[in-house]
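**Q** So in numbering that gives the first Met the number 0, spot 34 of the sequence shown is number 33, and the numbers just go up one at a time.
Glycine is no exception: its CB is placed at the ideal position from the N, C-alpha and C atoms.
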Amino acid sequence: MRDDGTEDVGGRPGGAGTEILLRFARTGHDAGYPTADLEERVLALATSLGLVGAEISATPTVVEVSVGASPDQRSYTLRVRPAVVDLDAIARLDALVQDVLDGAVETDAVLVRLSEIRDGPLERPWPILLAAYALAGAALTPVLGGGWREAAAGAIVGLVVGAIALPARRAARTEPVVAPVAAVAASFSAVSLARLNLEASPDIVTLAALVTFLPGMTLTIGMRELSTEHLQSGVANTASALVQLLGLVFGVGVGRSIAVSWFGSVSGSTADTAFTGVHLLAAVAAGIAFTITLRARSRDATVMCAATVLALAANEVGILVFGKDASAFVAALVVGVVGGVAGSLLRRSSLVFIVPGVLMLVPGSAGFTSVLQLLANQTVSGITAGFDTFVTAMSIAYGLMIASVILPRRFASIQPTRADAAGARESTS
């Protein structure tokens, strides 16, 4: 018991509270939390558990946690690896944090639930995962300016990409080369299908099939962290996005070179980016695909589809009302505000709404196109498109940040939802 009558759940460094903090930090990082969100939740847990002087610094490869007042402070370093987003784990971790803040769960139960989240990730049968890659390839083609031929080719190439990605991602040794190898297969397959008189644009098909690999979210997070002075993680995420982007371009260049050498060159069709109702249907299909590829729970599919449709519609309205340069900012602001409100009202993590919404804006696709243009000696247009990529990513980052500022605190941050949460904890002492 502490002097104030509340239960000591390990408030001193090295106690049970510290173990909860460290295990949550590692599990949350592995789930793909952005740095700011992970730090917010760890500090909220520390306050609820009575841990004084808690500090955390998270980067893609190292998480450092300090606990205790200065004379007795202890520091812990966790070696971690960059992780892809796992929305099911994020939702379960957010629910756990909320229960701790509400005083609705005991210390031992927290550790048990953390173990369950770490050891029991959401798994789906491989045929469903393959279908999701195919659906993503088909769904994104209208958004990129393709027609039904590109959609059909995108589904086929997406299936090929999924067949490569699924087994390769199961081993840490092969995971770094998944994106380049998938890009080789996607580019080769797209050119091959074009040579079979499908008359589909190889560039649009390749890009649509590789959307799940584009580092748009990583680049946006990196820009957001740099703008909020999380410099280490910001630089690391931005560099990681650029390396992944270059790996994709390398793979596309190799695959296209092989296909052209074997079958001859093909000409691509002109992209038609005029907004129609088909784009909204494509956004719904993309939301379903993202539900599977991002490991979200099936019951979150409706929320994720709503996010992709809202992002696409808000972006189009932004273009019409505010101009193309401001559209990404407007769309991100809308997604951030609606995501925060929806997460609070539905008692779900706001990231379940925000992540697919941001992915639908596809800032990485512009960067992908820019590097391809540079390889094709289109220097001026390539540099312009590359600069536009960073401007778009920064626009999205500022849109999300301003959304968190203008939202009431109960929508924008993790905090107790029961007025008697503190009293509930006292009653257990």
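Decide if the stretch 305-320 is in contact with the stretch 329-344; the criterion is three or more beta carbon pairs, one per stretch, under 8 angstroms apart.
**A** Enough Cβ pairs lie closer than 8 angstroms, so yes.
**Q** List the whole-angstrom C-beta distance separating V390 from M216, where the pair is believed to meet the contact cut-off of C-beta under 8 angstroms.
**A** The sequence position of residue 390 within the sequence shown is 391, counting from 1. The sequence position of residue 216 within the sequence shown is 217, counting from 1. With a Cβ gap of about 17 angstroms, V390 and M216 do not count as contacting.
**Q** According to DSSP, is Y32 helix, strand or coil?
**A** Position 33 of the sequence shown, counted from the start, is the residue given in the question as residue 32. Reduced to three states, the DSSP call for Y32 is coil.
**Q** Report yes if the C-beta of V96 is less than 8 angstroms from at least one heavy atom of the ligand GTP; otherwise report no.
**A** Because no ligand of any kind appears in the structure shown, any question about the ligand GTP cannot be addressed here.
**Q** Beta-carbon within less than 6 angstroms of G250's beta-carbon, same chain only, minus the 5 sequence neighbours each way: which residues are those?
**A** Mapped onto the sequence shown, residue 250 falls at position 251. For G250, where only same-chain residues beyond five positions count, the Cβ hits under 6 angstroms are P179, A182, V183.
**Q** Could you tell me how far apart the beta carbons of I55 and V61 are, in whole angstroms, since I believe they sit closer than 8 angstroms?
**A** Stepping through the sequence shown from its first residue, residue 55 is reached at position 56. Stepping through the sequence shown from its first residue, residue 61 is reached at position 62. With a Cβ gap of about 11 angstroms, I55 and V61 do not count as contacting.
**Q** How is the beta strand (DSSP E) around S65 delimited, first residue to last?
**A** Position 66 of the sequence shown, counted from the start, is the residue given in the question as residue 65. It spans 61-66 - the beta strand (DSSP E) in which S65 sits, taken as one unbroken run.
**Q** Do the CB positions of M359 and A285 come within less than 9 angstroms of each other?
**A** Here residue 359 refers to the residue found at position 360 of the sequence shown. Here residue 285 refers to the residue found at position 286 of the sequence shown. Yes, they are a contact pair.
**Q** Which of helix, strand or coil does DSSP assign to S114?
**A** Here the question's residue 114 lines up with position 115 in the sequence shown. Note: S114 maps to helix in three-state DSSP.
**Q** Spell out a yes or no on whether the stretch 287-303 and the stretch 219-236 are touching, meaning 3 or more CB-CB pairs, one atom from each, closer than 8 angstroms.
**A** no
**Q** Determine the direct distance from the alpha carbon of P201 to that of G14, and round the result to whole angstroms.
**A** The residue labelled residue 14 in the question sits at position 15 within the sequence shown. The residue labelled residue 201 in the question sits at position 202 within the sequence shown. Taking the straight line from one Cα to the other gives about 58 angstroms.
**Q** Can you tell me whether Q414 is helix, strand or coil according to DSSP?
**A** The residue labelled residue 414 in the question sits at position 415 within the sequence shown. Q414 sits in coil when the DSSP states are folded into three classes, being neither helix nor strand.
**Q** Which two residues bound the contiguous alpha helix (DSSP H) that contains R172?
**A** Within the sequence shown, the letter at position 173 stands for residue 172. Run containing R172: none; DSSP gives neither H nor E here.
**Q** From D98 to E18, what distance separates their C-alpha atoms?
**A** Taking the sequence shown and counting its residues from 1, the one referred to as residue 98 is at position 99. Taking the sequence shown and counting its residues from 1, the one referred to as residue 18 is at position 19. Rounded to whole angstroms, D98 to E18 spans 17 angstroms at the Cα level.
**Q** Report all residues from its chain with a CB closer than 8 angstroms to the CB of S186; omit the five preceding and five following residues, and keep chain order.
**A** Taking the sequence shown and counting its residues from 1, one reaches residue 186 at position 187. Closer than 8 angstroms at the Cβ level, and outside the excluded window around S186, lie P201, T205, G250, V251, G252, V253, G254, R255, A258.
**Q** So, L100 versus R112, is the Cβ gap smaller than 9 angstroms?
**A** As a first step, residue 100 is located in the sequence shown; it is residue number 101 there, counting from the start. As a first step, residue 112 is located in the sequence shown; it is residue number 113 there, counting from the start. Taking 9 angstroms as the Cβ cut-off, L100 and R112 do not qualify as a contacting pair.
**Q** Rank A68, A151, I116 by C-alpha distance to the C-alpha of L86 and give the top, closest one.
**A** Within the sequence shown, residue 86 is the residue found at index 87, counting from 1. Comparing Cα-Cα distances from L86 to each of A68, A151, I116, the minimum goes to I116.
**Q** Locate the beta strand (DSSP E) running through A57, then write down its first and last residues.
**A** Within the sequence shown, the letter at position 58 stands for residue 57. Where A57 is concerned, the enclosing beta strand (DSSP E) stretches over 54-57.
**Q** Output the distance between the C-alpha atoms of G363 and A45, rounded to the nearest integer angstrom.
**A** Translated into positions along the sequence shown, residue 363 becomes position 364. Translated into positions along the sequence shown, residue 45 becomes position 46. Low local confidence applies: a pLDDT of 48 at G363 is under 50, so the model's placement there is unreliable, with the coordinate-based value given in what follows. Distance between the alpha carbons of G363 and A45: 36 angstroms.
**Q** Any chance the stretch 74-88 sits against the stretch 39-53, with 3 or more Cβ pairs inside 8 angstroms?
**A** no
**Q** Starting from the Cα of G263, find the closest Cα among R194, A137, T211, A103 and give me that residue.
**A** As a first step, residue 263 is located in the sequence shown; it is residue number 264 there, counting from the start. Comparing Cα positions, the closest option is R194.
**Q** Taking C-alpha atoms, which residue in T211, V265, R172 lies nearest to I291?
**A** Locating residue 291 in the sequence shown gives position 292, where the first residue counts as 1. Of the listed residues, the one whose Cα sits closest to I291 is T211.
**Q** Give the straight-line distance between the Cα atoms of A288 and A135, rounded to the nearest whole angstrom.
**A** As a working note, residue 288 is residue 289 in the sequence shown. As a working note, residue 135 is residue 136 in the sequence shown. Taking the straight line from one Cα to the other gives about 5 angstroms.
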